[in-house]
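Accompanying notes for the structure given below.
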Amino acid sequence: MNAAVVAVRPPPLKQRVPLPDRIAHAGLLAVVLLLVVGLLAPLAVILSKAFDAPEGAAATGIGAFAAYLASPSLLQSLWHSVWVSLAVTAIVVPLAFAFAYALTRSCMPFKGLLRTVMLLPLLAPSLLSAISIIYWFGNQGLAKEFWTGLGFSGIYGAPGIVLAECFATFPHVLMILVTALALADARLYEAAQALGTGTLRKFLTITLPGARYGLISAALVCFTLVITDFGIPKVVGGNFNVLATDVFKLVIGQQDFQRGAVVALLLLLPAVVTFGIDWLVQRRQTATLTARAVALVPRPSRGFDAAMTLYCLCIVGLVLAMFGMAVFASFAKLWPYNLTPSFNHYVSGLVDAELGDAMLNSLKLAACTAVFGTVVVFVGAYLLEKTRGFDALRPVVRLLAMLPMAVPGLVLGLGYIFFFNAPANPLNGLYQTLPLLVLCTVVHFYTTGHLTVVTALKSIDAEFEAVSASLKVPFYKTFWRVTLPICLPVLLDVSRYFFINAMTTISAVVFLYSPDTKLASVAILNLDEAGDTGPAAAMAVLIAGTSGVVTLLYLAAGRLVERRTQAWRAPAR
Amino acid sequence: MTYLQLQGIHKSFGAFTALDNIDLSIERGEFVCFLGPSGCGKTTLLRIVAGLETQTSGRIVQAGRDISVLPPAQRDYGIMFQSYALFPNLTVAQNVGYGLVNRREGKTQITTRVDELLALVGLPGSGGKYPAQMSGGQQQRIALARALATSPGLLLLDEPLSALDATVRVHLRNEIRALQRQLGVTTIMVTHDQEEALSVADRIVVMNHGVIEQVGTPMQVYREPASHFVANFVGKVNRLKAVAEGGHWFRCGDKRLQCAAGGDSDFRPGREVSLYLRPEDRVVGQLHDDDPMRCAGTVRHIEFLGGNCLAEVDVDGMPGQPLQLQYSLNQMDEFGVHEGAAVQFSLRADRLRVFPAAAA
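Chains as they are written, first to last, in this note's numbering: chain A, 1 to 573; chain B, 1001 to 1360.
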């Protein structure tokens, strides 16, 4: 017999799985299930919808897909989307780079303050900038003449979109570039100095190459943010069609789900490409800076510092003008004839229009997202990084946790309609309810929270669980007594991130609300559409104010937690 | 009496074989060191004993119980890592008592036991501090106290001293050794530091490329290395190319050297071999003219090591094969050893180790 000759290799030994590990595996499965239901299934349904054969037509699914793609109106929107996104990227990245350079490499005063002001727009929905520029340059705008004097026929259309998107994307791009430029090895500059290298050459040979991954990443993020953004083109786009507004019109206006799915796929494409490139770039980035690097400390240089301060003040001035205009306009009695301050828009525009409920819904959504999102993200990341077994499943969970970053909110929301609104789906009852909005928002912002927690967990000694096992202490006790208390400050950050984003998000939830679960951020859009720009501005300011107050509360809570539970961090010997 | 028995332990990661057919028995109360260069599999073997990794095949028996596939929590050991792995947000007392709390013992019992352990490791009264308030050596003692708290039958130490300063390291390893003797707990320590292994172990397991090269007492491993690898890895050694002439005689250059009879030093004439000799295995005073191992040479270079020096000597009749010889500082003066000096010495035939050259 031949089989007898072949050496029989017994299967590798497997350890018995004790009860605590089984609990961990069940938890991990639960996280997978959540991401499958909340992410993978809706995306899969979009894919299948896009390739569905249209009803009553003879064409096959793929034929219909190709036909939609080739339609002139779609091609025009595609072209619009691409060039607007490219234009914004080309404007914002250099400007933000200079600002980030000033923050990290100069000795300019008030860095913290300037940085904080630049991040202010993150507290409000992105379309706040669109509303503001309408007040500045719109038909009744304060500086309309200035705008037309520049040669533009009006603010509505491409110029308005580009301008508003510049404000909206600036803080995102700035954060990435600050991170990229903050990581610098002083020894390289000292070596260059010792070799007598000039300033420009140092910049070109050390600074730029060092920040190139950050630049690539920033450009990709900027492009994706603009091409998938839907609020700004909706408010200030006029008749200028882009892909994101097309999806909305097709799905909500014309109920043409198939074409909507095709366009959504087009939107998914740049995001996925960006995600892929970014992932590759990130992997290389880690190798460039070694643990031995010496942090670069900028040296004072009067002329350079003054120039940088001046530049940053200009940018900050523009941002404050944008942000301030919305605040100012929301308090103006009757734009543009009577600018005396009043609470008209807040009282008659919001409260009397029964939009208080929308604000309440938003707060509920934000609070639930902040709590559940943080719990799910933290437990998921912990089980993924710190427990044993289920080795085949772990890469899958890792991928699922990274995927939401590549999915634009608009696409996610559309997927939710298709998936949860299907009568055959047993989860159909969730459609248009708060729990579904929470699920959608948690999934939408999952990746950033996940990455933050994973970084924090990786900085904790990897052997805690092994030590606990040797002491016969089950992992969940160590989780409760050690890991959780250590991670509490990070959890607060993640929770705040969820809260703010749930307050300000529009793109995914715009498809999912019912009259009962209407949200404040969506209300801005509806008010603006109805011509109530004043109340729309008021609502945006209200959201920004709430986000600001909540941020302050989180900071205070952080201080408290620090004092109560982090005493061990820097104790006196 | 055998306490821990490893039988045919094999571990592979994909195509890479980390451990190949490891057989080892450890006596109750023994202090065993796994010694080898990084990547030799010593830490993997320790983690398999701890149940933190699972062997691909093979059997582990501890105190008569087959623990091959038991999860860590169902095995009986205490472990201490290089990183200490102390819980930073718990006090020293909470850290030491971490495993005791879970046994639902009374509060006073736990407090008593913790105090006792802290006294045992020489840190009485420091229970209220946080780990960050302690020095590296102190943290390591706390980790040791925590590992010993539940009175495990087996103590596993994973490179426990390599993160410490040299002087603390020597001090602490002697303390660990004394404590181990006092408690009689069977102990396995992983280390890449041969001096550490030689000074504390009852037996050393020398490992390389996933196999055991030699198991023996420190003296055996140093004096009678079982292989090229062990001779090279443990201590300093001279290697001389030579050809066997039969009857324990070897030709090295123009010189004929004779090994002590016995052992496995009898090689077929004409066989190429390597002779291994430690720098201290030479006689410098009272030389006999008829000694076949007698040599003369010129000092080429001297390496100063503190109390001792290593002299690199070109030996007459052995061109291209300089020997490193150890002299104490006093001997340097006594015999006039300096660079360029002519020296006389004789090699100790009883210390010469012979291995076939092919495997070198």
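Don't be surprised by glycine CBs; every beta carbon is placed ideally from N, CA and C.
Residue i Cβ short of 7 Å to the ligand GDP heavy atom set
i: B/R1173; result: The ligand GDP is absent from the structure shown, which contains no ligand whatsoever.
Exposure label - residue i; buried when at least 16 CB within 10 Å
i: A/K458; result: exposed
i: A/A306; result: exposed
i: A/C314; result: exposed
i: A/A3; result: Unreliable placement is indicated for A/A3, whose pLDDT of 46 sits below 50; no coordinate value is reported for it.
i: B/G1041; result: buried
i: B/I1142; result: buried
i: A/S129; result: buried
i: A/S514; result: exposed
i: B/S1388; result: Nothing about residue 1388 of chain B can be reported from this structure: the residues present for chain B run from 1001 to 1360 only.
i: B/P1160; result: buried
i: B/S1068; result: buried
i: A/F110; result: exposed
i: A/R573; result: With a pLDDT of only 49 at A/R573, under 50, the local geometry of the prediction cannot be trusted, and the value read off the model is given with reservation. Label assigned to A/R573: exposed.
i: A/K575; result: With chain A covering only 1 through 573, there is no way to say anything about residue 575 of chain A.
i: B/P1279; result: buried
i: A/P10; result: exposed
i: B/K1107; result: exposed
i: A/I62; result: exposed
i: B/T1288; result: Note that residue 1288 of chain B is His in the sequence shown, not Thr. That one is exposed.
i: B/Q981; result: With chain B covering 1001 to 1360 only, the question about residue 981 of chain B has no answer from this structure.
i: A/Q282; result: exposed
i: A/Q254; result: exposed
i: A/R564; result: exposed
i: B/K1236; result: exposed
i: A/A191; result: exposed
Beta-bridge pairing of residue i - partner residues as DSSP gives them
i: B/I1009; result: B/I1022
i: B/E1027; result: B/T1002
i: B/C1033; result: B/M1189, B/I1204
i: B/E1213; result: According to DSSP, which records beta bridges pairwise, B/E1213 is partnered with nothing at all.
i: B/R1065; result: B/Q1062
i: A/T592; result: The structure shown has nothing for residue 592 of chain A, since chain A only spans 1 to 573.
i: B/L1310; result: B/E1303, B/Q1326
i: B/I1079; result: B/L1156
i: B/E1272; result: B/V1243
i: B/G1297; result: B/V1315, B/V1343
i: B/T1017; result: B/S1012
i: A/R496; result: BP columns for A/R496 are empty, so no partner.
CB of residue i within 8 Å of CB of residue j, strictly
i: A/F331; j: A/H80; result: no
i: B/G1270; j: B/A1244; result: yes
i: A/A381; j: A/V262; result: no
i: B/L1409; j: B/L1004; result: Because residue 1409 of chain B is not part of the residues shown, which for chain B are 1001 to 1360, the question remains open.
i: A/V509; j: A/V490; result: no
i: B/L1156; j: B/L1086; result: no
i: B/A1122; j: B/L1172; result: A small correction: the amino acid at residue 1122 of chain B is Gly; Ala does not occupy that position in the sequence shown. No, these two residues do not count as a Cβ contact at 8 Å.
i: A/V411; j: A/L267; result: yes
i: A/F475; j: A/E463; result: no
- Task: Taking a Cβ distance cut-off of 7 Å, strictly less, list which residues of the region 1053-1079 of chain B are near chain A, in chain order.
- Result: T1054, Q1055, T1056, S1057, S1068, V1069, L1070, P1071, P1072, A1073, Q1074, Y1077, G1078, I1079
- Inspect the CB distances between the region 1034-1046 of chain B and the region 545-561 of chain A and report whether three or more fall short of 8 Å. no
- Query: Between the region 150-169 of chain A and the region 130-139 of chain A, do three or more beta carbon pairs fall short of 8 Å?
  - Reply: yes
- Item | Contact set between the region 28-51 of chain A and chain B, restricted to residues whose Cβ is under 9 Å from the partner | none
- Query: Are three or more beta carbon pairs between the region 317-329 of chain A and the region 204-217 of chain A nearer than 8 Å?
  - Reply: no
- Item | Positions along the region 1088-1105 of chain B whose CB lies within less than 9 Å of some CB in chain A | P1088, N1089, L1090, T1091, Q1094, Y1098, G1099, L1100, V1101, N1102, R1103
- Task: Can you give me, in chain order, the residues of the region 13-26 of chain A that have a beta carbon less than 8 Å from any beta carbon in chain B?
- Result: L13, K14, Q15, R16, V17, P18, P20, D21
- Given 8 Å as the limit, is there contact between the region 1047-1057 of chain B and the region 1008-1015 of chain B, that is, 3 or more CB pairs closer than that? yes
- Message: Does the region 464-484 of chain A come into contact with the region 1068-1083 of chain B, if we say contact requires no fewer than three beta-carbon pairs (one atom in each stretch) closer than 8 Å?
- Response: yes
- Message: Under 8 Å, with one C-beta from each stretch per pair, do the region 175-183 of chain A and the region 231-250 of chain A reach the 3-pair mark?
- Response: no
- Message: By the 7 Å beta-carbon criterion, what residues does the region 458-471 of chain A contribute toward chain B?
- Response: D461, E463, F464, A466, V467, A469, S470, L471
- Message: With three or more beta-carbon pairs closer than 8 Å as the criterion, would you say the region 217-231 of chain A touches the region 274-283 of chain A?
- Response: yes
- For the region 206-240 of chain A, enumerate the residues whose C-beta is nearer than 7 Å to any C-beta of chain B, in chain order. none
- Between the region 476-484 of chain A and the region 398-409 of chain A, do three or more beta carbon pairs fall short of 8 Å? no
- Message: For the region 1139-1172 of chain B, list every residue whose C-beta sits within 7 Å of some C-beta in chain A, in sequence order.
- Response: T1150
- Query: Can at least three beta-carbon pairs, one atom from the region 183-191 of chain A and one from the region 295-305 of chain A, be found at a separation below 8 Å?
  - Reply: yes
- Answer yes if the region 340-349 of chain A comes into contact with the region 533-542 of chain A, meaning at least three C-beta pairs across the two stretches below 8 Å, and no otherwise. yes
- Query: Along the region 485-504 of chain A, what residues have a CB closer than 8 Å to any CB found in chain B?
  - Reply: P485, I486
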